[in-house]
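Heads up, the sequence shown is in the numbering used here, so the first residue is 69 and it goes up one at a time. We treat Cβ as the ideally placed atom computed from N, Cα and C, and that holds for glycine. Everything numeric in this text was worked out from a predicted model, so none of it was measured.
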Amino acid sequence: MKKWMLVIVALFVSASAFSQTCLDDVWQCLTNKQVPKAKKFMESCMASNPDNAAVWLMQANVNVQLYIYDQERLEKDPSLSPRYPNALEDAYLAFQKALELDSKVEPKSGLLGAVEGQQLLADAFNAKGLAAAEKSKFEEALKNYGYAAKCYELGKKKENAAVVYFNTALVYVAMKDMANYEKMLTKALNANPKISADAYTELYYIYKDRKDTVKCAELLAKAEKNFTGEKAAKLYEPLMDYYAMTGNTEKLLELVDKAIASGNKALIPTCATYLSNAKSYAKAEQILKDALANDPNNFALLKQMGYRYALEYYDLMDQRKKAMDTRQWDEANRIYQGPERKAAMENAHEWCEKAYKVNPDNLENNLILREMKVLLGLPADPELNAKIQARQQN
69 MKKWMLVIVA LFVSASAFSQ TCLDDVWQCL TNKQVPKAKK FMESCMASNP DNAAVWLMQA
129 NVNVQLYIYD QERLEKDPSL SPRYPNALED AYLAFQKALE LDSKVEPKSG LLGAVEGQQL
189 LADAFNAKGL AAAEKSKFEE ALKNYGYAAK CYELGKKKEN AAVVYFNTAL VYVAMKDMAN
249 YEKMLTKALN ANPKISADAY TELYYIYKDR KDTVKCAELL AKAEKNFTGE KAAKLYEPLM
309 DYYAMTGNTE KLLELVDKAI ASGNKALIPT CATYLSNAKS YAKAEQILKD ALANDPNNFA
369 LLKQMGYRYA LEYYDLMDQR KKAMDTRQWD EANRIYQGPE RKAAMENAHE WCEKAYKVNP
429 DNLENNLILR EMKVLLGLPA DPELNAKIQA RQQN
């Protein structure tokens, strides 16, 4: 029995000694920048010691150097193809395996430890993810972004991880995977609440589509805490939409005044849209007329003025329907015969016509214009009908 034990111990010592000699050879090659040669030695080490943490740690370091070796070649001649295209991923997996076998494994002098090595891979994975996304190689982008995020999180670089999550969300929306799009936007904001006002806006409309006003309110409150001054202007649109949706006209008017006072003329059509949605027709008309006085051929302003009057017409017709549903025939007739309904139709037609002359290819404006022509009994416009049909077919 003792003899067998001695044999086993001898074999263990022999294997251990072999692995150390083998690893010394690899280390020497890496030290002398002989990376391909190090790879060959490494294959021998791995074959003889597949369950040794130190061997896996050395394997990871070799793969890191193979990646750097490839990058240096490509910098000199971008037409070349990488010799070791999987080196970065193999390095990450080898670092993981080393830690799995021995959480306290230490590297040889001058080489990377397992945790340190993973942290240093983050930027490279992120760069590969960006490059793949730009070429619409979405699965490859997702894989590399996934590794990058894990490496940044390991290094406690939350802000960097947030950027990766946000970019991952953009990949998912390009893939029309809205469930993962929402998930990644949420992770981005959790990692860095100040990453982007756009992330809040996108999530807001996702929650709105679900009619989840509680989440909408919570999200916008969080956004307002993290964006102030000029940066807060990006939140005006979802905030206006929320105030219009919940009938908070007072808050909506306050925000519109703030937006107009900022001097950002691009916000005026947006303000007018939500004022009209909230049935604040007089205020919508006022800000549009003030803007049109200085820019009479601005399509966005002209279109919104037409939209404002069209909404007033639709509102009056809704009131008439409610009166009819409750058999208030005199009230229903008053609305239908009253001057307000006709004035709303005529004004909507007038402003949509003006917008059409500036830009005849906007489908939304064209649809309202055609509808008003029909309601007013005006002659059909073949060109207008053709443009609407062409846009609807695209």
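Within a 10 Å sphere around the beta-carbon of A242 sit fewer than 16 other beta-carbons, which makes this residue exposed. Leaving aside the five residues that flank K389 on each side, none in its chain has a CB nearer than 7 Å to its CB. In terms of Cα proximity to A334, the closest of Y311, L307, K347 and K302 is K302.
For E208, the closest C-alpha among the options P175, T236 and L379 is that of T236. Per the C-alpha coordinates, the member of E298, A155, A128 and L323 positioned closest to L307 is L323. If you look at K203, you'll find it isn't in any alpha helix (DSSP H); DSSP assigns it neither H nor E.
Residue nearest to L444 within the set Q457, K422 and R409 is R409 (criterion: CA-CA distance). Within the same chain, and ignoring the five residues on either side of L156 in sequence, the residues whose Cβ sits closer than 6 Å to its Cβ are Y135 and A192. A327 is a Cβ neighbour of C339, given a cutoff of 8 Å.
The three-state secondary structure of I263, taken from DSSP, is coil.
Rounded to whole angstroms, the separation of the alpha carbons of E202 and A265 is 23 Å. Annotation for M243: no alpha helix (DSSP H) segment contains it, and DSSP assigns it neither H nor E.
For P104, the three-state secondary structure derived from DSSP is helix. Here Y152 really is in contact with D138; their C-beta atoms are around 5 Å apart, less than 8 Å.
Going by DSSP, V132 is part of the alpha helix (DSSP H) stretching over A121 to K144. Taking the Cα positions, R438 is about 25 Å away from A400.
Just measuring C-alpha positions, the residue of L91, G406, S116 and A411 sitting nearest A106 is L91. Sequence-distant partners of M373 (beyond 5 residues in either direction) whose C-beta falls short of 6 Å from its own C-beta, in its chain, are L356 and W419. Contact between L253 and E227 does not hold, since the beta-carbon distance rounds to 16 Å and is not under 8 Å. CA-to-CA, the gap between E421 and K441 works out to about 10 Å. Under the three-pair Cβ rule at 8 Å, the stretch 176-189 counts as touching the stretch 114-129. E157 carries a helical assignment under DSSP once its states are collapsed to helix, strand and coil. Taking all protein chains in view, the Cβ of P337 is crowded by 16 or more other Cβ atoms within 10 Å, so the residue is classified as buried.
In terms of Cβ geometry, L98 and Q133 form a close pair [threshold 8 Å]. Y377 sits close to A416, with the two beta carbons spaced by under 8 Å. 8 Å or more divides the Cβ of Y273 from the Cβ of L288. Here the alpha carbons of K205 and V130 stand approximately 27 Å from one another.
Setting aside the 5 residues that flank it on each side, P428 is surrounded in the same chain by K455, each with a C-beta closer than 7 Å to its C-beta; the list follows chain order.
Less than 8 Å separates the beta-carbon of A267 from that of L257. Sequence-distant partners of L435 (beyond 5 residues in either direction) whose C-beta falls short of 8 Å from its own C-beta, in its chain, are I456. Leaving aside the five residues that flank A229 on each side, the residues in its chain whose CB is nearer than 6 Å to its CB run, in chain order, A217, Y220, E221 and A259. Here the alpha carbon of P150 sits roughly 45 Å from the alpha carbon of Q461. For the pair K108 and L142, the Cα-to-Cα distance works out to about 22 Å. Cα atoms of A115 and Q187: separation of roughly 27 Å, rounded to the nearest angstrom. In summary, T281 is exposed, with fewer than 16 beta-carbon neighbours lying within 10 Å of its beta-carbon over all protein chains present.
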